[in-house]
Every structure is written in C-alpha cells, then in structure tokens.
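Take a look at the structure set out below.
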Amino acid sequence: MDTAMKKRVEDINPIATRHECEELEAKLQGQIILEDFNNPVGLFGTKEALAVIKSFYDKRIVGCPGAEGEDEHDVVWFWLEKGKPHECPVCSQYFVLELVGPGFVSNPPFCPQIPNPPSFT
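The following block contains the structure:
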C-alpha cells in the first residue's frame with residue numbers, strides 16, 4: 001500500500017489518547033489488543049477457578065449479573081483490585097483481575113504519534 005494512502009490514528013480520531021490510541025493503531029495493523037475486554041464472558045467463577053477480568057489498570061469496576069437463568073440477579077457493581085480476589089455477595093461468584101500491560105501509571109503518556117501536551121504548571 002502506498003504510504004500516502006495509509007491511514008493513521010490521527011486521521012481516524014485526532015483526539016485519541018493512551019489506550020484508545022493503542023487500540024486504533026493495532027486495528028489499523030489488523031490486530032486486536034484485547035478481545036472481549038469490555039464484555040468479559042466465561043464460566044461462573046469459583047474459589048478454585050476464578051472468573052478472570054482483564055484490565056490495563058491496577059483496579060477496575062466490574063458488574064456481576066450472577067449466573068444464567070434462575071440464578072441471575074440484579075447487577076452488583078464493585079471495584080476489583082490487582083492481587084485481591086473478590087466474591088460477589090449475592091451469588092458467591094469469584095473474580096480476579098489480570099493485569100494487561102504495565103498497570104496503572106499516575107501520569108500515562110499520550111499517543112506515541114502525538115507529542116504530549118505542554119505542562120502548564
């Protein structure tokens with residue numbers, strides 16, 4: 001493909017930052033960074049086989065809808081933190097956070113193709 005015809009992240013979304021920028025860059029290269037990242041599905045998590053939730057950060061908000069059918073319940077929202085398995089208080093499903101990437105950074109960089117904005121301190 002001619003380099004003049006190649007799309008760049010800036011062409012698709014000029015204000016993309018951090019992970020959105022990384023996801024768009026991967027998509028342009030025909031890759032997927034995290035499949036089902038925002039809508040995890042899988043088997044009911046037990047103490048022996050926890051439901052794994054992926055995250056770019058050291059903690060993430062998760063909603064538990066319970067099991068399917070009669071065991072389904074209203075969604076219970078909670079913070080899931082790295083290294084701290086969590087048990088749903090309604091259905092006793094167990095969850096664990098799987099960190100994808102370096103984890104939380106207090107001042108994460110912007111898109112590698114776009115220079116960081118100037119500091120106004």
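In UniProt numbering, the protein residues as written are 1 to 121.
Each residue gets a CB set at the ideal place from its N, CA and C atoms; glycine is no exception.
As the structure is a computational prediction, the values presented were derived from the model and not from experiment.
Residue i versus residue j - alpha carbon distance
i   : j    : result
K59 : P40  : 15 Å
E48 : R8   : 44 Å
C88 : C64  : 7 Å
F95 : G69  : 20 Å
S55 : K6   : 30 Å
G30 : L43  : 29 Å
L50 : D71  : 18 Å
E23 : K82  : 22 Å
H19 : V75  : 26 Å
Y57 : P14  : 24 Å
D11 : V100 : 27 Å
Rounded Cβ spacing between residue i and residue j (contact assumed at less than 8 Å)
i   : j   : result
F78 : V90 : Contact doesn't hold; Cβ gap of about 11 Å is too wide.
Residue from the options with nearest C-alpha to residue i
i   : options            : result
Q93 : L99, H73, G83      : H73
P85 : D71, E98, I12      : E98
T46 : I32, H19, G66, C21 : G66
With 16 other Cβ atoms within 10 Å as the buried cut-off, status of residue i
i   : result
A26 : exposed
Legend entry - Secondary structure, alpha helix (DSSP H): runs of 4+ residues fully inside the region 40-103: Qualifying alpha helix (DSSP H) stretches: none in this window.
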